[in-house]
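*Asks:*
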Ligand SMILES: O=C(O)CCC(=O)C(=O)O
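Numbering (the working numbering), first residue to last: 7 to 201.
As structure tokens, then:
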């Protein structure tokens, strides 16, 4: 399964493309079973959460939590699961996905980083992903970059859908820094009009 010319044009115009049923239900189930194991193992390990105030490296395997306290910690993210798990490695090299990415941005492609986002229910707090431009997270001198998101569960308003602003990829890049110049990974929507 690749993409049609009209899908490619849709991507160029809107800055995103949705492909259904790309990964089989069987493979999704395997991935979810693996994630359950990883999460259970981590929860049972009772490791103290290290202070996350310092610099985080984007290219190693590590968990990101919603709290520094070991008491009510919840996993927000697992960075680079493909470095430790073959299933994730194989997913990151999925031929169907690579073929689509090559058609969308042209030429050969290189894998940059992987992450597994957990969307916590509201009451557990901390997993809200604020408005941002992905480019701010992977600054490059070139802009032929793409984020591939793979949904491991059906997604509805209540479990944190990804929202996009159509065509915003052709507009300006906004600051993702705080007033005191720390990278905060979100746009201050009070300061700017989002398109
Ligand atoms: O899932 C979301 O709400 C946004 C995820 C995202 O943009 C990211 O992880 O780069």
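Yeah, the Cβ is synthetic: ideal placement off N, Cα and C, and Gly gets one too.
#1: Flag this pair as touching only if the region 69-78 and the region 109-116 have three or more C-beta atom pairs under 8 Å; answer yes or no.
#2: For residue 8 versus residue 106, is the C-beta spacing smaller than 8 Å?
#3: Heavy atom of ligand 1 less than 7 Å from the Cβ of residue 135, yes or no?
#4: Determine the DSSP secondary structure at residue 81, reduced to helix, strand or coil.
#5: What residues in its chain sit with their C-beta under 7 Å from that of residue 155, if we drop five residues either side in the sequence?
#6: Check this for me: beta carbons of residue 72 and residue 86, under 8 Å apart or not?
#7: Report the rounded CA-to-CA distance for residue 131 versus residue 81, giving the unit in angstroms.
#8: Quick check: does the Cβ of residue 168 come within less than 7 Å of any heavy atom belonging to ligand 1?
#9: Cα-Cα, which of 93, 121, 116 is closest to residue 35?
#10: Report buried or exposed for residue 17, applying the criterion of at least 16 other Cβ atoms within 10 angstroms of its Cβ.
#11: Determine which residues share a DSSP beta bridge with residue 97 and list them.
#12: Taking 7 Å as the cut-off, is the C-beta of residue 140 nearer than that to any heavy atom in ligand 1?
#13: Residue 70 bridges to which residues according to DSSP?
#14: Need the endpoints of the alpha helix (DSSP H) that residue 122 sits in, please.
#15: Ends of the alpha helix (DSSP H) at residue 40?
#16: Terminal residues of the continuous alpha helix (DSSP H) containing residue 75?
#17: Pull up the distance between the alpha-carbon of residue 51 and that of residue 137, whole angstroms please.
#18: At a cut-off of 7 Å, would you count residue 121 as near ligand 1, judging by its Cβ distance to the nearest heavy atom?
#19: Roughly how many whole angstroms lie between the Cα atoms of residue 143 and residue 89?
*Replies:* Working from what's here:
#1: Fewer than three beta-carbon pairs drawn from the region 69-78 and the region 109-116 are found closer than 8 Å, and the two stretches are therefore not classed as touching.
#2: Position 2 of the chain shown, counting from 1, holds the residue named residue 8. Position 100 of the chain shown, counting from 1, holds the residue named residue 106. Cβ atoms of residue 8 and residue 106: closer than 8 Å.
#3: In the chain shown, residue 135 corresponds to position 129, counting from 1. Yes, the beta carbon of residue 135 sits closer than 7 Å to at least one heavy atom of ligand 1.
#4: For the purposes of this step, residue 81 is taken as the residue at position 75 of the chain shown. Residue 81: strand per DSSP, three-state reduction.
#5: By one-based count along the chain shown, residue 155 stands at place 149. 168.
#6: Working through the chain shown from its first residue, we reach residue 72 at position 66. Working through the chain shown from its first residue, we reach residue 86 at position 80. The answer is no: Cβ separation not under 8 Å.
#7: As a first step, residue 131 must be located in the chain shown, where it is residue number 125. As a first step, residue 81 must be located in the chain shown, where it is residue number 75. Cα atoms of residue 131 and residue 81: separation of roughly 11 Å, rounded to the nearest angstrom.
#8: The residue labelled residue 168 in the question sits at position 162 within the chain shown. At least one heavy atom of ligand 1 lies less than 7 Å from the C-beta of residue 168.
#9: Here residue 35 refers to the residue found at position 29 when the chain shown is read from its first residue. When only C-alpha atoms are compared, the closest one is 93.
#10: Here residue 17 refers to the residue found at position 11 when the chain shown is read from its first residue. Around the beta carbon of residue 17, a 10 Å sphere encloses 16 or more other beta carbons of the protein chains shown; the residue is thus reported as buried.
#11: If you number the chain shown from 1, residue 97 lands on position 91. According to DSSP, which records beta bridges pairwise, residue 97 is partnered with nothing at all.
#12: Along the chain shown, read from residue 1 onward, the residue named residue 140 stands at position 134. Correct: residue 140 has its Cβ closer than 7 Å to ligand 1.
#13: Translated into the one-based positions of the chain shown, residue 70 becomes position 64. 83.
#14: Counting from one through the chain shown, the residue named residue 122 turns up at place 116. Where residue 122 is concerned, there is no enclosing alpha helix (DSSP H), although the beta strand (DSSP E) it sits in stretches over 121-123.
#15: Locating residue 40 in the chain shown gives position 34, counting from the first residue. For residue 40, the uninterrupted alpha helix (DSSP H) run begins and ends at 31-51, by DSSP.
#16: Here residue 75 refers to the residue found at position 69 of the chain shown. Element bounds for residue 75: n/a, residue is neither H nor E.
#17: Locating residue 51 in the chain shown gives position 45, where the first residue counts as 1. Locating residue 137 in the chain shown gives position 131, where the first residue counts as 1. Taking the CA atoms as reference points, residue 51 sits about 34 Å from residue 137.
#18: Numbered from its first residue, the chain shown carries residue 121 at position 115. It does: the Cβ of residue 121 is within 7 Å (strictly closer) of some heavy atom of ligand 1.
#19: By 1-based counting over the chain shown, the position of residue 143 is 137. By 1-based counting over the chain shown, the position of residue 89 is 83. Cα to Cα, residue 143 sits roughly 19 Å from residue 89.
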